[in-house]
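Asker: Got a structure for you, written out below as structure tokens; questions coming shortly.
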Amino acid sequence: MKILICSQREAIKYLPEDESYGIQIFSGYLKDRNKEKLMEHPKWVYIAQYSFDDTYPGDPMEREGVYVLFNKKIAQNLLEEFMQHRKDSKTLLVHCGQGLNRSPAVAIALNEIFKLGENTQKLIDVYEEMNGFVFNTLLEEARELRFY
2 MKILICSQRE
12 AIKYLPEDES
22 YGIQIFSGYL
32 KDRNKEKLME
42 HPKWVYIAQY
52 SFDDTYPGDP
62 MEREGVYVLF
72 NKKIAQNLLE
82 EFMQHRKDSK
92 TLLVHCGQGL
102 NRSPAVAIAL
112 NEIFKLGENT
122 QKLIDVYEEM
132 NGFVFNTLLE
142 EARELRFY
């Protein structure tokens with residue numbers, strides 16, 4: 002499966018060339034602002050949307066309830082939806098606000114868990130700023146669900 006990791010600005014202009022699975026990651030902090038949808042196109046197999054912030058446990062803003070921390074429930078929903086709807090997809094597009102932290106963590110974890118065909122270590126090397134907490138939480142939840 003081809004993997005595209007991008008910013009929201011890039012993603013909303015994207016038109017799938019083949020059957021594609023989209024994952025949109027929005028800020029939990031910003032609530033309903035900046036939730037632009039991907040362009041409608043018949044080649045979208047499925048588009049999933051999640052809201053959480055680029056934060057880690059113990060972040061003062063997370064502790065004060067300002068940021069939404071990625072958690073096991075979000076990880077489980079993301080993994081189960083992907084497992085259920087990815088079947089005919091040839092491309093996976095994952096975007097967050099800037100395409101630097103959350104979306105690479107999700108895309109690289111899905112590549113590792115479901116053996117999508119990309120070299121996980123190369124992706125990690127390219128996206129050095131990925132959110133390690135999101136990545137590790139997905140791997141841990143995949144082990145618990147016996148996907149990995």
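As numbered in the numbering used here, residues 2 to 149 make up the sequence shown, in order.
We put the CB at the ideal spot given by N, CA and C, even for glycine.
#1: Between K116, N137, G59 and E81, which lies nearest to A106 when the distance is taken from Cα to Cα?
#2: In this structure, what does DSSP give as the bridge partners for F27?
#3: Within this structure, are the beta carbons of T121 and I109 separated by less than 8 angstroms?
#4: I want to know whether the region 112–119 touches the region 11–31 - three or more CB-CB distances under 8 angstroms.
#5: Which of the three DSSP states, helix, strand or coil, is assigned to H42?
#6: Contact defined as beta carbons within less than 8 angstroms: I believe F71 pairs with F134. What is the distance between those atoms, to the nearest angstrom?
#7: Looking at the unbroken beta strand (DSSP E) that takes in L94, where does it start and where does it end?
#8: Name the residue from Y22, G59, I75 and C7 whose alpha carbon lies nearest to the alpha carbon of A143.
#9: Straight-line CA distance for M2 to S90?
Answerer: Per the coordinate set shown:
#1: What you label residue 106 is simply residue 105 of the sequence shown in a count that begins at 1. Comparing Cα-Cα distances from A106 to each of K116, N137, G59 and E81, the minimum goes to N137.
#2: Mapped onto the sequence shown, residue 27 falls at position 26. For F27, which the question treats as bridged, DSSP gives the partners S52.
#3: Here residue 121 refers to the residue found at position 120 when the sequence shown is read from its first residue. Here residue 109 refers to the residue found at position 108 when the sequence shown is read from its first residue. Against a cut-off of 8 angstroms, the Cβ pair of I109 and T121 comes out as a contact.
#4: no
#5: Within the sequence shown, numbered from 1, the residue matching residue 42 stands at position 41. Coil at H42, not helix or strand.
#6: As a working note, residue 71 is residue 70 in the sequence shown. As a working note, residue 134 is residue 133 in the sequence shown. Yes, F71 and F134 are in contact; Cβ-Cβ is about 7 angstroms, under 8 angstroms.
#7: The residue labelled residue 94 in the question sits at position 93 within the sequence shown. In the DSSP assignment, L94 falls within the unbroken beta strand (DSSP E) covering T92 to C97.
#8: Residue numbering aside, residue 143 sits at position 142 when the sequence shown is read from its first letter. Residue nearest to A143 within the set Y22, G59, I75 and C7 is I75 (criterion: CA-CA distance).
#9: By 1-based counting over the sequence shown, the position of residue 2 is 1. By 1-based counting over the sequence shown, the position of residue 90 is 89. Roughly 7 angstroms separates the two Cα atoms.
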